[in-house]
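Visitor: The structure follows.
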Amino acid sequence: MIGYVTVGTNDLPRAARFYDAIAAEMGTGRMMEFETFIAWGTPGGGCGIAATKPYDGQGATVGNGVMVAFEARDKEQVDRLYQI
-18 MIGYVTVGTN DLPRAARFYD AIAAEMGTGR MMEFETFIAW GTPGGGCGIA
32 ATKPYDGQGA TVGNGVMVAF EARDKEQVDR LYQI
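According to my numbering, the sequence shown is numbered sequentially starting from -18.
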């Protein structure tokens, strides 16, 4: 049910080194990477994790940059859930 979890960071290169090591130990790697975030996991696998600079541009603090996402089957399911 959980698709991914993000954790906020103020130091993305440092977070990358930390989560790269964890991912390697768990037999996976990076699956998505942009200027402000990196995600680790296996497409079609279990829950992934991402380290991100907070969307609002503020510093990462307790809760700022943290997100848990439900995994949907497809866009149509997302649309149905949005209507609830």
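The C-beta atom is built at its ideal place from N, Cα and C for all residues, glycine as well.
What do you reckon, are the CB atoms on Ala20 and Thr(-10) nearer than 9 angstroms?
Guide: Here residue 20 corresponds to residue number 39 of the sequence shown, with the count starting at 1. Here residue -10 corresponds to residue number 9 of the sequence shown, with the count starting at 1. Not closer than 9 angstroms, so no.
Visitor: Would you please state the rounded distance, in angstroms, between the beta carbons of Met48 and Thr(-13)? I believe it to be under 8 angstroms.
Guide: Working through the sequence shown from its first residue, we reach residue 48 at position 67. Working through the sequence shown from its first residue, we reach residue -13 at position 6. The Cβ separation is near 4 angstroms, so the contact holds.
Visitor: So the candidates are Glu16, Ala53, Glu52; which of them puts its Cα closest to the Cα of Pro35?
Guide: Locating residue 35 in the sequence shown gives position 54, counting from the first residue. Cα-wise, what sits closest to Pro35 is Glu16.
Visitor: Tell me the DSSP secondary structure of Phe15 in three-state form.
Guide: Counting from 1 along the sequence shown, the entry for residue 15 is found at position 34. Of the three classes helix, strand and coil, the one that applies to Phe15 here is coil, per DSSP.
Visitor: Give the straight-line distance between the Cα atoms of Glu57 and Gln64, rounded to the nearest whole angstrom.
Guide: The residue given as residue 57 occupies position 76 in the sequence shown. The residue given as residue 64 occupies position 83 in the sequence shown. Approximately 11 angstroms, taken between the alpha carbons.
Visitor: Using CA atoms only, rank isn't needed, just tell me which of Arg(-2), Asn45, Gly38, Met12 is closest to Gly29.
Guide: Within the sequence shown, residue 29 is the residue found at index 48, counting from 1. Considering only alpha carbons, the answer is Met12.
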